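Take a look at the structure below.
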Amino acid sequence: MRKINLAVVGATGMVGNKFLEVLTERKLPVENYYLFASAKSAGKVIDFMGKPHTVIELTEENVKKVKVDIALFSAGGSVSKVFAPIFASQGAIVVDNSSQWRMDKDVPLVVP
16 MRKINLAVVG
26 ATGMVGNKFL
36 EVLTERKLPV
46 ENYYLFASAK
56 SAGKVIDFMG
66 KPHTVIELTE
76 ENVKKVKVDI
86 ALFSAGGSVS
96 KVFAPIFASQ
106 GAIVVDNSSQ
116 WRMDKDVPLV
126 VP
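Each position in the sequence shown, counted from 1, maps to that position plus 15 in the working numbering.
Below, the structure written as structure tokens:
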């Protein structure tokens with residue numbers, strides 16, 4: 016199985032931390048993790064999957080520097096509105112837990 020590159024947007028928040036817990040449990044075939052958050056959290060080091068990961072500031076420039084297959088969003092609707100399309104335009108599958116896209120007929124609604 017091919018390894019993927021995965022981004023977590025909102026990685027330092029409560030839901031972002033839960034994403035990281037679940038990802039640790041699932042042991043998915045991931046080559047690179049990119050942990051994005053606000054400027055306030057940028058530079059913070061998170062021990063994740065047995066390695067230190069530096070939180071990346073969520074900016075359009077920083078998003079465009081990485082190649083991501085899947086982007087998990089837990090940063091609120093206003094952040095998703097701006098950044099989810101950027102990830103998607105680069106070919107990423109975007110999974111967003113905000114309400115931003117729930118009424119968009121072109122965006123599938125997934126209920127786990």
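Ideal Cβ positions, reconstructed from N, Cα and C, are used throughout, including at glycine. This structure is a prediction, so every number in the text was calculated from the model and none was measured.
Just the Cα atoms here: how many angstroms apart are residue 122 and residue 88?
-> Distance between the alpha carbons of residue 122 and residue 88: 14 Å.
Backbone CA spacing between residue 26 and residue 43 [nearest angstrom] = Their backbone Cα atoms lie some 17 Å apart in a straight line.
With distances taken from CA atoms, which of 34, 16, 17 is nearest residue 110?
-> Measuring from the Cα of residue 110, the nearest candidate turns out to be 34.
Given a threshold of 16 other Cβ atoms within 10 Å of its Cβ, counted over all protein chains shown, does residue 112 qualify as buried or as exposed?
-> Counting Cβ neighbours within 10 Å, residue 112 comes out buried, since at least 16 surround it.
How far does the beta strand (DSSP E) with residue 22 in it reach, from first residue to last?
-> Counting along the chain, the unbroken beta strand (DSSP E) around residue 22 starts and ends at 19-24.
Enumerate in chain order the residues of its own chain whose CB-to-CB distance from residue 69 is below 6 Å, with the five nearest sequence positions on each side excluded.
-> Closer than 6 Å at Cβ, skipping near neighbours: 60.
Three-state secondary structure (DSSP) at residue 77?
-> Reduced to three states, the DSSP call for residue 77 is helix.
Decide if residue 31 is buried, meaning its Cβ has at least 16 other Cβ atoms within 10 Å, or exposed.
-> Burial call: buried.
For my contact list, residue 92 and residue 114 are in at a C-beta cut-off of 8 Å; report their separation, rounded to the angstrom.
-> The Cβ separation is near 6 Å, so the contact holds.
Contact set for residue 95: own chain, Cβ-Cβ below 6 Å, skip 5 residues either direction | Apart from the 5 residues on each side of it in sequence, residue 95 sits with its Cβ closer than 6 Å to the Cβ of 88, 111, 113, 115 in its chain, given in chain order.
Report the option in 117, 104, 86, 125 whose CA atom is closest to the CA atom of residue 47.
-> Cα-wise, what sits closest to residue 47 is 86.
Going by CA-CA distance only, name the one from 38, 49, 120 that's closest to residue 84.
-> Ranked by how close their Cα comes to the Cα of residue 84, the residues 38, 49, 120 have 49 in first place.
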